[in-house]
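Take -7 as the starting number for the sequence shown in my numbering and just add one per residue. Each residue gets a CB set at the ideal place from its N, CA and C atoms; glycine is no exception. Every value quoted in this text rests on a predicted model; they were computed, and no experiment measured them.
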Amino acid sequence: MIQRAAVRGVGHYLPEKIVTNADLEKVVETSDEWIQTRSGIKQRHFAAEDETTSHMATRAAQAALAHAGLEADEIDAVIVATSTADFTFPSVATMVQSQLGMTQGFAYDVQAVCAGFVFALSTANAQIVSGQAKRVLVIGAETFSRLMDWSDRTTSVLFGDGAGALILEATSGQGNANDQGILSVDLNSDGRYKDILHVDGGVSTGETGYLRMQGKEVFRHAVEKLAVTAETAIERAGLKPEDIDWVVPHQANIRIINSTARKLGVPMEKVITTVQDHGNTSAASIPLALSVAVHEGKIKRNDIIVTEAIGGGLAWGAVIVRW
C-alpha cells in the first residue's frame, strides 16, 4: 500500500460584478466580436473595490469545506496559488487561515502565475505523500483586474477575478492507475521567456505595474508545451489519452484549449470550458472550472482528470487525478 492524495471536496467564489464584452466596449477600443473571435470570452467577473484576493480565497475555501463536510480545524495546511496577493507579505494563505478560524497547521503561497494551481497541487500532493499533512486546502485566487492597463486593448479584455478551492486528503492506494487521487505530476519552467508575459512592477520599481503580454508568442508556447506536459503526465500515470474522462485546462483562450485537445486526441466533448463566463482568472481558473463541473454533475467519482496550465515564467505543468 502507498499513500495517495485524494480529492475530498471543491468549491469556488465569483465576485458579484459581471463585466460583459459590451461593457468593455465603453472602456477600450474593442468589440464583442473581436474578443469572442480571439479568445472565446463573453464575460468575466471583477472584484468590488473592497474585495481582496484573500477574501475571495476564503469564500472559495468555505464552499470547499462545506462540500467536503469538514470543519476548518480538520485541515492541516493551506496553500494558495496567486500572483495578486493583498500585500507583499504576509501571505494570502495565512490570511485565509485566520479568516477560517484556523489556529493550527501551516499556510503559505505559491507563485507560478497561471500555472500556480498545478504547482500548488503538486506541492500539496508531496506533503501528503511524505506524511507532513493529512488534509490540505489548495486554493487558486486572483484579482487580475487590478493589473490591467486599460490602454492595452489586446490584453486588458482577457482577464477576470475569482477563486476556486480543492481539499486533498490522504488515502491508501496500490500504486497503480486504479488508485483514487493524484496519479502523476509533470512540472516545467524556462526563465528565458520572462519578457513575453510579465508585470512591469514590484518592489524594484516601487509601483504595482501592469500586466504585459506578447500574445502571439504566448499562444505559440502554450500550444507547443501544454499538450507535451499533459502527454508526459498521462504516460507517468500508466494511462493513455483514450483513458481520460475529462481535460480541465487553464482557461486562458478557447483557441489554445481547442489546439491542445486536438494534439492530445481528446474530443472537445471531454474538455471542461468556463473561459466564456470567467475570462482568464490565472491561478484560479482550473479550480474554478473543476468546481463548476462537479456542481453541474459532469465530473463524477472515479473519472480520470487531466489538468494543465502555462503561465508567466514561463512555467507550465500537468496533473493527473482520479476523482
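Need the endpoints of the beta strand (DSSP E) that residue i sits in, please.
{"i": "alanine 99", "result": "98 to 102"}
{"i": "tryptophan 308", "result": "307 to 314"}
{"i": "alanine 219", "result": "Looking at the DSSP string, alanine 219 is not in any beta strand (DSSP E); the run it does join, the alpha helix (DSSP H), is 207 to 228."}
{"i": "proline 241", "result": "238 to 241"}
Identify every residue that forms a DSSP beta bridge with residue i.
{"i": "glycine 257", "result": "In the DSSP output, where bridge partners are listed per residue, glycine 257 has none listed."}
{"i": "leucine 189", "result": "Met205"}
{"i": "valine 130", "result": "Ile71 and Leu158"}
{"i": "alanine -3", "result": "Ala162"}
{"i": "glycine 271", "result": "In the DSSP output, where bridge partners are listed per residue, glycine 271 has none listed."}
{"i": "phenylalanine 151", "result": "Asn272"}
{"i": "valine 9", "result": "For clarity, residue 9 is lysine in the given sequence; the question names valine instead. Answer is Phe38."}
{"i": "glycine 167", "result": "Note: glycine 167 sits in no beta bridge, so no partner."}
{"i": "valine 19", "result": "Bridge partners of valine 19: none, in fact."}
{"i": "glutamate 359", "result": "There is no way to answer for residue 359, as the model of the chain reaches only from -7 to 315."}
{"i": "valine 2", "result": "Leu158"}
{"i": "threonine 135", "result": "Asp153"}
{"i": "valine 105", "result": "According to DSSP, valine 105 bridges with nothing at all."}
If you follow the alpha helix (DSSP H) that residue i is part of, which residue opens it and which one closes it?
{"i": "glutamine 54", "result": "45 to 60"}
{"i": "valine 195", "result": "Premise fails: valine 195 is in no alpha helix (DSSP H) and is neither H nor E."}
{"i": "asparagine 180", "result": "First-last for asparagine 180: 173 to 181, but that is the beta strand (DSSP E), not the alpha helix (DSSP H)."}
{"i": "valine 88", "result": "84 to 91"}
{"i": "isoleucine 33", "result": "Unbroken run through isoleucine 33: none, as it is neither H nor E."}
{"i": "isoleucine 302", "result": "It is not in any alpha helix (DSSP H) - isoleucine 302 instead sits in the beta strand (DSSP E) that spans 296 to 303."}
{"i": "asparagine 117", "result": "108 to 121"}
{"i": "aspartate 284", "result": "Reading the sequence as shown, one finds valine at residue 284 and not aspartate. Run containing valine 284: 277 to 287, per the alpha helix (DSSP H) assignment."}
Going by beta carbon distance, what residues of the same chain come within less than 7 Å of residue i, once the five residues before and after it are set aside?
{"i": "phenylalanine 98", "result": "Ala69"}
{"i": "alanine 49", "result": "Val72, Val84, Val88, Ile131, Ala133 and Ala155"}
{"i": "aspartate 235", "result": "Ile296"}
{"i": "glutamate 66", "result": "Arg127"}
{"i": "histidine 59", "result": "Gly1, Val2 and Gly3"}
Would you check if the distance between the CB atom of residue i and the CB atom of residue j is smaller than 8 Å?
{"i": "arginine 216", "j": "isoleucine 188", "result": "As written in the sequence, residue 216 is glutamate, which differs from the arginine given in the question. No, the pair does not count as a contact, with Cβ atoms beyond the cut-off."}
{"i": "proline 279", "j": "glycine 132", "result": "yes"}
{"i": "glycine 152", "j": "glycine 257", "result": "no"}
{"i": "leucine 282", "j": "valine 20", "result": "no"}
{"i": "methionine -7", "j": "serine 164", "result": "yes"}
{"i": "threonine 299", "j": "valine 220", "result": "no"}
{"i": "isoleucine 302", "j": "valine 313", "result": "no"}
{"i": "isoleucine 248", "j": "lysine 290", "result": "no"}
{"i": "threonine 74", "j": "alanine 244", "result": "no"}
{"i": "histidine 190", "j": "arginine 204", "result": "yes"}
{"i": "glutamine 337", "j": "arginine -4", "result": "Beyond the ends of the chain as shown, which are -7 and 315, falls residue 337; an answer cannot be given."}
{"i": "threonine 135", "j": "threonine 76", "result": "yes"}
{"i": "glycine 183", "j": "aspartate 192", "result": "no"}
{"i": "valine 11", "j": "glutamine 35", "result": "yes"}
{"i": "alanine 310", "j": "aspartate 178", "result": "yes"}
{"i": "phenylalanine 111", "j": "alanine 118", "result": "no"}
Between which residues of its own chain and residue i is the CB-CB distance below 6 Å, once the five residues before and five after are set aside?
{"i": "glycine 32", "result": "Ile246, Val267 and Gln268"}
{"i": "tyrosine 5", "result": "Met48, Arg51, Ala52 and Ala155"}
{"i": "glycine 123", "result": "none"}
{"i": "serine 137", "result": "Phe38 and Asp153"}
Taking 7 Å as the cut-off, is the C-beta of residue i nearer than that to any heavy atom in the ligand NAP?
{"i": "alanine 49", "result": "No copy of the ligand NAP appears in this structure; indeed no ligand is present at all."}
Report all residues from its chain with a CB closer than 8 Å to the CB of residue i; omit the five preceding and five following residues, and keep chain order.
{"i": "lysine 232", "result": "Ile226"}
{"i": "threonine 115", "result": "Ile71 and Val102"}
{"i": "glycine 207", "result": "Thr146 and Thr147"}
Does the region 118 to 127 come close enough to the region 153 to 168 that 3 or more CB-CB pairs lie under 8 Å? yes
Check whether the region 293 to 306 touches the region 42 to 50, taking contact to mean three or more Cβ pairs, one atom from each stretch, closer than 8 Å. no
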